[in-house]
Structure formats: structure tokens, C-alpha cells
Amino acid sequence: MKITSYKLFPVHFPYHHPIRWAGHAEPGLDAMYIRIETDEGLIGVGEAPVRLAWTGATLKSIAVVVDEVLMPRIMKLDIADEDAVSSFMHYVREHVLAKSMIDSAIWDIRAQTAGKPFGEFLGATKPVPVAWTVTRDKVETMVAEAETVVGRHGFTSLKVKVGQGFETDRQVLAGIRKALGNSVTLSADANRNYAEAEVAPLTEMLAEFDVSVVEDPTECVPDRSFARVRAASKLPVLVDNTARTLLEAQMFLAHDADCISVKVPKTGIGDSRAIMDQAAAQGACVHIGLGATSPLGAVAALGLAGSLPAHKNGLPSEESFFLQLTETCVKDPLTVENGVVVLPETPALNDWLDWDQIAKLAP
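Take 2 as the starting number for the sequence shown in this note's numbering and just add one per residue.
Here is the structure:
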């Protein structure tokens, strides 16, 4: 089966309010969609969430890479041959975001060939639990947000962005626990904002508020220094930022990582599944992290999340980010009720997407 044509669709989704990440703030999500068609008449779609600060890519650069580097070669491949596609993706060492978008579209076509909805094909056979990420802001704003989303959507798990200094972090966690009690599981993401020497006191403080897992408490490197970080931490350590490829994830697993964060925009579906398989083989935990995508990207992430085995350090996927968007791009919008998402049962994601609305979202 070969790809005969493709088209790119840049889109912009405004947020209900600006979001402040560790390194930048943004008023909305820029994304690139791809729609590919095969010689068998099947249509696959995929998404690349575009953030220059996260991936070094822009909408224009993604388009150039797809048009000039990737698609001229991928269109020569038999995309039914998973090994051939994977080999090509590894041969081209750069452009992970563009590759992940195309990879998702190809997996969408494979799901159709198998006669299964996309999420089910990836392993999600029932509604998928999700968490909400409380991003950095004023203490009272973060506490109010946590209380609101739990009340509105029934989340039972929150990831709290820490890294604003121990005192501010303490106030945020204390406020959330006071507002919600022990009705929610908390994890914390420091985005590498603390020094290695601060890992012990940081995680001691987090443990006071019954935080279950700490993500990127410091700059984690897959060498002997990682053993020191794990020894210092009072909590299981989830590695995200420096496990951006299959090889990097394998290196951390070789250094006995407790948990690895997998994100489709980083490693596509194929390599994400490979990381999940290796982690399961050695008893490590995989967490489907925040790709911060539109509903299209969320379905890929949640399909993988629904396939994960239970683990003592396991957490619901953070891919509830679509709730941040004021506009949707699908005919049957995703919702979060009682902390879970029901994935679309549409045989082809192309039919689920609202292409008239997508045209209106062009930047």
C-alpha cells in the first residue's frame, strides 16, 4: 500500500486563557494536520502541535520538512510494512515532530485496514482515565483551577507544575490539598528547575502532601548521576525532558529508571510502543505525558494510554489538554466526565474531523 497524495492544514486554536509553561507563555495552540490518501482509497490523518520553544519548529518549517525531506521518500514505501516505515523514520535523524505527525496518519490507515477504531487498534478497549495539568501561576489561581476542573470534570488525578521556589510550591500544594482533600492523586513536575542538591528536600516536601511521583526534579542524564538523583529522591522519578527519543528512553531504562514519560509528538506511535514494550519487560512504568494537542492528537495518546498495564507508579494520561481550547475541530467533541474520556468509534478519523471548521481555524 502506497501513499498517492497528501495535504497539510495549519490550524490555530485559541485558549480560554493564556497558558504559562516553564519557558514561555502562549494564547493558543498552533498545529499542523496532515491528510494522506493511499492507492487503496484509505485516508489517514495526523497532528503536529507546533511550539518553537519545545520542538524548534514552526508551521512554515514543518511544511518545508514534509514537502522536501519526508514525503518524497515515504511515498515510495509500502506503508503496510511497519519495519520499512520504522527504518526510514530512524534513518532520518532529525524532524521528530513532522515524523510523528506522518507516523500517526499511517497508523490511522493501519487501524482502518484492521477494521477497528483508531483508539481500539492502539489498545484502548474502554474509556480512558485522564489527569489535568495545573500550570504555573499565582498560588490562588492554581488552587482555584484545580478545584474547578475536579468539580466540573471529575478528575481523580492532577499534575501540579512546581518549580516556582519551595515556598510557593508548598503554598500551592497545601492549597490544593485543603480544597480537595485526598480525593485526588497528585504528581508534581519541576521541569528541571531545581539543582541536584535540592532533589532530597524537594521530594521530602512533596511527600508531605502525598505526591505520588516527581517528574524531572532536576536535569536528569542517563549516566551515574542519575543513580544519585534516584537515591536522593523520596519519590519515584519520572523522566520526561531528556528522554525525547527511543534511544534516550532505552538509556534511562538501562540505568533503572522508575518511570518514563512517552509523548506521541516526541516519539510517534511506533517508537512510543517500543518504549512501552521495553519498560514493561523490565518492570518500569510508562506514563503517557502531556503532548498538549488538539483532539486529533489526543486520540493517539489516549489510545496508547488505554493499552498500558497497571503499575504501582502508574498515572492517568495528561492528555486532557483539548479542554483548554475554545474551538473544536471534530464533529463529536471529546469530553471528560468522571475523569475519563470515551474515544471515537468512527472507523476513520478523517470522517470524525470537521473539515469546514478546520478551514475556519487556518491562521
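Think of the CB as a built atom: it goes at the ideal place given N, C-alpha and C, for glycine as much as any other residue.
Give the DSSP bridge partners of residue i, in chain order.
i: PHE14; result: LEU30
i: HIS288; result: SER262
i: GLU338; result: VAL341
i: SER158; result: THR186
i: LEU53; result: Partner(s): none; LEU53 has no beta bridge.
Using the three-state DSSP reduction, which class does residue i fall into: helix, strand or coil?
i: LEU362; result: coil
i: LYS8; result: strand
i: TRP356; result: helix
i: HIS96; result: coil
i: THR294; result: coil
i: ASP68; result: helix
i: ASP40; result: coil
i: THR1; result: Beyond the ends of the chain as shown, which are 2 and 364, falls residue 1; an answer cannot be given.
i: PRO19; result: strand
i: SER318; result: strand
i: PRO130; result: strand
i: GLY304; result: helix
Once the 5 residues before and after residue i are set aside, which same chain residues still bring their CB inside 8 Å of it?
i: ASN183; result: ASP211
i: ARG229; result: GLU197
i: PRO310; result: ALA281
Whose CA, out of the options, lies closest to the CA of residue i?
i: VAL331; options: THR347, TRP353, GLU346, VAL65; result: TRP353
i: LEU9; options: LEU30, GLU38, ALA26, ARG21; result: GLU38
i: ALA112; options: ALA349, ILE270, THR59, LYS361; result: ALA349
i: HIS18; options: MET143, ILE110, ILE107; result: MET143
i: PRO50; options: ARG36, ALA32, THR56; result: ALA32
i: ALA275; options: VAL151, TYR7, ASP84; result: ASP84
i: LEU324; options: ALA191, SER295, LEU305; result: SER295
i: LEU187; options: PRO317, THR149, GLU220, HIS312; result: PRO317
Spatial neighbours of residue i within its chain, please: CB distance less than 6 Å, with the 5 preceding and 5 following residues excluded, ordered by chain position.
i: GLU319; result: ALA132, THR134, LYS160, GLY290, LEU291
i: SER321; result: VAL131, TRP133, VAL337
i: THR246; result: none
i: LEU174; result: PHE210
i: GLY315; result: CYS286
i: ALA201; result: ALA233
i: ASN192; result: ALA23, GLY164, ASP217
i: ALA81; result: MET2
Once you ignore the five residues that flank residue i on each side, which residues in its own chain have a CB closer than 7 Å to its CB?
i: ARG171; result: MET206
Exercise for the section: Taking 8 Å as the threshold, find out whether the region 120–135 comes into contact with the region 326–346 through three or more Cβ pairs. Expected result: yes
Practice task
Spell out a yes or no on whether the region 254–272 and the region 224–234 are touching, meaning 3 or more CB-CB pairs, one atom from each, closer than 8 Å.
Solution key: yes
Handout entry: Contact the region 135–144 vs the region 63–79: 3+ CB pairs below 8 Å
Key = no
Practice task
Determine, using beta-carbon pairs with one atom in the region 51–71 and one in the region 303–310, whether at least three such pairs fall under 8 Å.
Solution key: no
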